[in-house]
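**Student:**
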Amino acid sequence: MPACHIALILPRIKAFLIYLRLIFFALLLYPSCAFGQQSDSVITLQEIIVSDSRLPVDSELASGRVTSIPSSEFSQSSSLLSDLLNRQVGISIRAYGPAGLASASMRGGTSSRIAILYDGVELVNPQLGEFDLSLFDLQGAEAVQIVHGSASAYLGGSAASGAINIIPQSQGKTSAYTGYSMGSFNTRIFRLGGLAESNYGQIRVTGSRYSTAGDFPFRDDTIFPVATVRRNDASRTSNEISVHVSPAVTSSTLGIRLNRSQRGLPGSVGSASSGEEQLDRQFHAWISHLQRLGSATLVSNGSYQRYGIRYMNPGLGLDDNGISRALTLDQEVSIRRNTVSLRAGHSLRSLRADHPSLISTDVELSAAVFGDASMTMGRTTVNAVMRTDYYSLSDDDTWVIINPRVGTNILLNRAAKVRLKASAGRSANVPTFNDRFWLGVGTVGNPALRPEEGWTFDMGLLRSKERFRSEISLFRSNVRNQIEWRPNSNGIWSPANIGRVRSVGLEASVQTDTNLGPLPVAMRANYSFVEAVDKTNPGTATFNNQLRYVPRHDGALTLFISRNTARVSIAGNIQSKRYVTADQNIELPAYGTVDVEAQNVFKFGSNTLLLSAAVKNVLNSRYTLIQGYPMPLRNYSIGLRYTLQRQ
489 MPACHIALIL PRIKAFLIYL RLIFFALLLY PSCAFGQQSD SVITLQEIIV
539 SDSRLPVDSE LASGRVTSIP SSEFSQSSSL LSDLLNRQVG ISIRAYGPAG
589 LASASMRGGT SSRIAILYDG VELVNPQLGE FDLSLFDLQG AEAVQIVHGS
639 ASAYLGGSAA SGAINIIPQS QGKTSAYTGY SMGSFNTRIF RLGGLAESNY
689 GQIRVTGSRY STAGDFPFRD DTIFPVATVR RNDASRTSNE ISVHVSPAVT
739 SSTLGIRLNR SQRGLPGSVG SASSGEEQLD RQFHAWISHL QRLGSATLVS
789 NGSYQRYGIR YMNPGLGLDD NGISRALTLD QEVSIRRNTV SLRAGHSLRS
839 LRADHPSLIS TDVELSAAVF GDASMTMGRT TVNAVMRTDY YSLSDDDTWV
889 IINPRVGTNI LLNRAAKVRL KASAGRSANV PTFNDRFWLG VGTVGNPALR
939 PEEGWTFDMG LLRSKERFRS EISLFRSNVR NQIEWRPNSN GIWSPANIGR
989 VRSVGLEASV QTDTNLGPLP VAMRANYSFV EAVDKTNPGT ATFNNQLRYV
1039 PRHDGALTLF ISRNTARVSI AGNIQSKRYV TADQNIELPA YGTVDVEAQN
1089 VFKFGSNTLL LSAAVKNVLN SRYTLIQGYP MPLRNYSIGL RYTLQRQ
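Our numbering numbers the first residue of the sequence shown as 489 and each following residue consecutively.
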């Protein structure tokens, strides 16, 4: 390493080490105080469930809305994470076509304000600040849990609008499976996996290969006369594998996930194809260890992530290869005594990004201390969370961000199981490497950007009794220093802290399991209203306007109808118009889609064969999620999955 480079980073390392000393000193004090108070009395209390990722995963006892989607509700024909989230309350998917980048928006926030985790491990690319939801196959997942609203007090500056945690399967008998499906546009999906248990521990492996030509027909309104043409140069091939190992001799779990995806980038409708391609490579490795310390539990986690994105554009003579890395180490200690649950911990993280279009090789070091406390008093549970993040940046700048959160959960009616939820907390969103240091054609980053910050407030009612569950939530958030990319007078796009955004809205959901004669029927209905408006400059053309691509109304209805070993699912989704431009001069019309899937399970002793068939977009709706990138019309798929299971 050059001596000049060492001289530049040495002061940052020294400051970072001083902060780490403060962190460890605080941690040494906390457990000694917590463990010092012992009591012989035993009181039965409501369970306060916490996960290794520090998220409030219990939907009933949490002080805000938490949605849990079990694997039984995953689609067999379309198991991509983006497709599942598109049917959930309060989540709007933005996709550049069926094989293109897919990101999410929650409560008016951008994708960089949502934390995506797998087994508690952060998946978001630190350079881009987002994760492509179309590059995650849900096979092998046990559930997907969604925290609605700010989770900054739990996860820091990447969860200002919410968090999505994918939970892998952890239980089951020794088994193996293989599956294959085929469908329209020459789509092929091959899957295999298995779980092996023995006295030495457990190992679980899943793998998949997805390919599609992407050449679907659509109506091109940019040509005269208007005609139906085929979408070309939108092919995609993805390979994914994940491995989980849990040795019996230790309370540890090791995990590895790899994904390699190559796809064409056809450009928007009306533009000539230049043969653009993108190659995505993702590697995640992590280890988690649990240790009992008397009445306390210590969880230690470590993870390493490597993201590679290669962009090729023969027309412009570009072949850029970007690499970003993330190394995270964290620990947390928790204890439950009587009606009180306490937890504290620390997290250390190093981020690095190398890309030809970044000003330099950028490094970001961060450290955090966090703690939360929950207390149950009769029917009321109160919790308080505090997280402090320290960032040391590559340009010698430093940030200290404090995110507190308080909430309550009150059982209003024990017989009807009606609960009141309320919370208030601070949200924060840290600029990405691209926001601060990008230098491309017609675009330039802004190293002077400050983190977004604001406050969010939630209140809701939950009724959960037997086979019926309903929840309604009201929320409001005020964001300052919003980061927005806008063109200057020379047409150069650059980000700036110029925005103030107010988001208010409502989220409602109903779940019921009943019988329609001899047929068991499960219904899942969701609706959300979001008014996310620009409050930056009164008198301008954008003041009080809805944010770009944020629908005011979004709804979904899913029915599962069963008969013995057969099941039919009908999923409908509607979305109101969305504005393409901040001045609302261009908009995308409202749309509605319906998907139908049928499946049947044939049993051969302990083995099973699952056959499925699906029709997506039954109504043949013409719609786009991002302007210029149409979605397919009616399309079909069939598949099978054979599972061998040891008796």
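Don't be surprised by glycine CBs; every beta carbon is placed ideally from N, CA and C.
1) With a 10 Å radius around its C-beta and 16 neighbouring C-beta atoms as the bar for buried, classify Arg1085 as buried or exposed.
2) Starting from Tyr878 and walking both ways along the beta strand (DSSP E), at which residues does that stretch end?
3) With distances taken between CB atoms, is the gap from Gln659 to Ser556 smaller than 8 Å?
4) Would the beta-carbon of Ser663 fall within 8 Å of that of Thr1131?
5) What do you reckon, are the CB atoms on Phe925 and Leu846 nearer than 8 Å?
6) Under a Cβ-count criterion, where at least 16 other Cβ atoms within 10 Å of its own Cβ denotes burial, should Glu954 be classed as buried or exposed?
7) Among the residues of its own chain, which have a CB less than 6 Å from the CB of Arg1110, if the five just before and after it don't count?
8) Within 10 Å of its beta-carbon, does Thr864 have 16 or more other beta-carbons around it, so buried, or fewer, so exposed?
9) Within its chain, find whatever has a CB closer than 6 Å to the CB of Gly671; leave out the 5 residues flanking it on each side and keep chain order.
10) Who are the near neighbours of Ile655 in its chain, counting only those whose CB is closer than 6 Å to its CB and skipping five residues on each side?
11) So, is Ser570 buried or exposed, given that buried needs 16 or more other C-beta atoms within 10 angstroms?
12) List, from N- to C-terminal side, the alpha helix (DSSP H) runs of 4 residues or more that fit wholly inside the segment 545-628.
13) Within a Cβ cutoff of 7 Å, which residues of the same chain sit near Gly597, ignoring the five residues on either side of it in sequence?
14) Where does Gln883 sit, in a helix, a strand or coil, going by DSSP?
15) According to DSSP, simplified to helix, strand and coil, what is Phe673?
16) What's the C-alpha gap between Val1138 and Gly803?
17) What is the residue span of the beta strand (DSSP E) that Ser829 lies within?
18) Which two residues bound the contiguous beta strand (DSSP E) that contains Asn1123?
19) Measuring only the C-alpha atoms, how far is Ala736 from Leu786?
20) What's the call for Ile986, buried or exposed, on a 16-neighbour Cβ count within 10 Å?
21) Does the ligand ADP have a heavy atom nearer than 7 Å to the CB of Gly597?
22) Is the segment 712-725 touching the segment 679-696 in the sense that three or more CB pairs, one from each, lie closer than 8 Å?
23) Residue range of the beta strand (DSSP E) that Asn976 falls in?
24) Flag this pair as yes or no: are the beta carbons of Thr1053 and Asn1014 separated by less than 8 Å?
25) Once you ignore the five residues that flank Pro844 on each side, which residues in its own chain have a CB closer than 7 Å to its CB?
26) Determine the DSSP secondary structure at Arg719, reduced to helix, strand or coil.
27) At the level of alpha carbons, what is the spacing between Leu781 and Leu742?
28) DSSP state of Ala641, grouped into three classes?
29) Helix, strand or coil for Arg824 per DSSP?
30) Apart from the five residues on each side of it in sequence, which residues of its chain come closer than 6 Å, Cβ to Cβ, to Ser699?
31) Would you kindly check if the distance between the Cβ of Ser965 and the Cβ of Thr944 is under 8 Å?
32) Looking at C-beta atoms only, is the number of pairs between the segment 819-826 and the segment 790-801 that lie closer than 8 Å three or more?
33) Have a look at Lys1091 and Val733 and give me their C-alpha separation to the nearest angstrom.
34) Would Gly942 pass as a contact of Arg968 if the rule is Cβ separation under 8 Å?
35) Per the contact definition of three or more C-beta pairs closer than 8 Å, is the segment 755-763 in contact with the segment 610-623?
36) So Asn1003 is in the beta strand (DSSP E); what residue range does that whole segment cover?
**Tutor:** So, to answer that:
1) Translated into positions along the sequence shown, residue 1085 becomes position 597. Going by the sequence as given, residue 1085 is Glu instead of Arg. Result: buried.
2) Position 390 of the sequence shown, counting from 1, holds the residue named residue 878. Counting along the chain, Tyr878 sits inside the beta strand (DSSP E) bounded by residues 868-880.
3) Your numbering for residue 659 matches position 171 in the sequence shown. Your numbering for residue 556 matches position 68 in the sequence shown. Not in contact: Gln659 and Ser556 (Cβ atoms no closer than 8 Å).
4) Looking up residue 663 in the sequence shown gives position 175. Looking up residue 1131 in the sequence shown gives position 643. Yes. Within cutoff.
5) In the sequence shown, residue 925 corresponds to position 437, counting from 1. In the sequence shown, residue 846 corresponds to position 358, counting from 1. Their beta carbons are under 8 Å apart, which means Phe925 touches Leu846 by this criterion.
6) Mapped onto the sequence shown, residue 954 falls at position 466. Glu954 comes out exposed.
7) The residue labelled residue 1110 in the question sits at position 622 within the sequence shown. Answer for Arg1110: no residue qualifies.
8) As a working note, residue 864 is residue 376 in the sequence shown. Counting C-beta atoms within 10 angstroms of its own C-beta, Thr864 has 16 or more neighbours from the protein chains shown and is therefore classed as buried.
9) The sequence position of residue 671 within the sequence shown is 183, counting from 1. Here the set comprises Tyr1124, Ser1125.
10) One-based indexing of the sequence shown puts residue 655 at position 167. Correct list, in chain order: Glu630, Ala631.
11) For the purposes of this step, residue 570 is identified with residue 82 of the sequence shown, where counting begins at 1. With 16 or more other Cβ atoms within 10 Å, it is buried.
12) Fully enclosed alpha helix (DSSP H) runs of 4 or longer: 569-573.
13) Position 109 of the sequence shown, counted from the start, is the residue given in the question as residue 597. For Gly597, where only same-chain residues beyond five positions count, the Cβ hits under 7 Å are Ala648, Ser649.
14) For this step, residue 883 is matched to residue 395 along the sequence shown. Note that residue 883 is Asp in the sequence shown, not Gln. Three-state result, Asp883: coil.
15) As a working note, residue 673 is residue 185 in the sequence shown. The three-state reading of DSSP puts Phe673 in helix, counting H, G and I together.
16) Only positions 489 to 1135 of the chain appear in this structure, which leaves residue 1138 out of reach.
17) As a position in the sequence shown, residue 829 is number 341, starting the count at 1. Per DSSP, Ser829 is one residue of the beta strand (DSSP E) stretching across 828-842.
18) Within the sequence shown, the letter at position 635 stands for residue 1123. Counting along the chain, the beta strand (DSSP E) containing Asn1123 begins and ends at 1123-1133.
19) To locate residue 736, count along the sequence shown from 1; it is residue 248. To locate residue 786, count along the sequence shown from 1; it is residue 298. Near 18 Å, if we compare the C-alpha coordinates of Leu786 and Ala736.
20) Here residue 986 corresponds to residue number 498 of the sequence shown, with the count starting at 1. Under this definition Ile986 is an exposed residue.
21) Among the components of this structure there are no ligands whatsoever, and the ligand ADP is therefore not found.
22) Two segments are said to touch when three or more pairs of C-beta atoms, one from each, lie closer than 8 Å; by this definition the segment 679-696 does not touch the segment 712-725.
23) What you label residue 976 is simply residue 488 of the sequence shown in a count that begins at 1. No beta strand (DSSP E) contains Asn976, which DSSP labels as neither H nor E.
24) Residue mapping note: residue 1053 aligns to position 565 of the sequence shown, counting from 1. Residue mapping note: residue 1014 aligns to position 526 of the sequence shown, counting from 1. Going by C-beta atoms, Thr1053 is not nearer than 8 Å to Asn1014.
25) Here the question's residue 844 lines up with position 356 in the sequence shown. Contacts found: Asp808.
26) Stepping through the sequence shown from its first residue, residue 719 is reached at position 231. Residue state, collapsed to three classes: coil.
27) For the purposes of this step, residue 781 is taken as the residue at position 293 of the sequence shown. For the purposes of this step, residue 742 is taken as the residue at position 254 of the sequence shown. Using only the alpha carbons, I get a separation of about 22 Å.
28) What you label residue 641 is simply residue 153 of the sequence shown in a count that begins at 1. Ala641: helix per DSSP, three-state reduction.
29) Reading the sequence shown from its first residue, position 336 is the one you call residue 824. Collapsing the DSSP output to three states places Arg824 in a strand.
30) Within the sequence shown, residue 699 is the residue found at index 211, counting from 1. The answer, listed in chain order, is Arg676, Thr725.
31) The sequence position of residue 944 within the sequence shown is 456, counting from 1. The sequence position of residue 965 within the sequence shown is 477, counting from 1. Yes, these two residues count as a Cβ contact at 8 Å.
32) Verdict: no, contact absent.
33) Stepping through the sequence shown from its first residue, residue 1091 is reached at position 603. Stepping through the sequence shown from its first residue, residue 733 is reached at position 245. The alpha-carbon of Lys1091 is positioned some 29 Å away from that of Val733.
34) Looking up residue 942 in the sequence shown gives position 454. Looking up residue 968 in the sequence shown gives position 480. Taking 8 Å as the Cβ cut-off, Gly942 and Arg968 qualify as a contacting pair.
35) Taking 8 Å as the limit for Cβ pairs, the verdict is that the segment 755-763 does not touch the segment 610-623.
36) Mapped onto the sequence shown, residue 1003 falls at position 515. Run containing Asn1003: 981-1004, per the beta strand (DSSP E) assignment.
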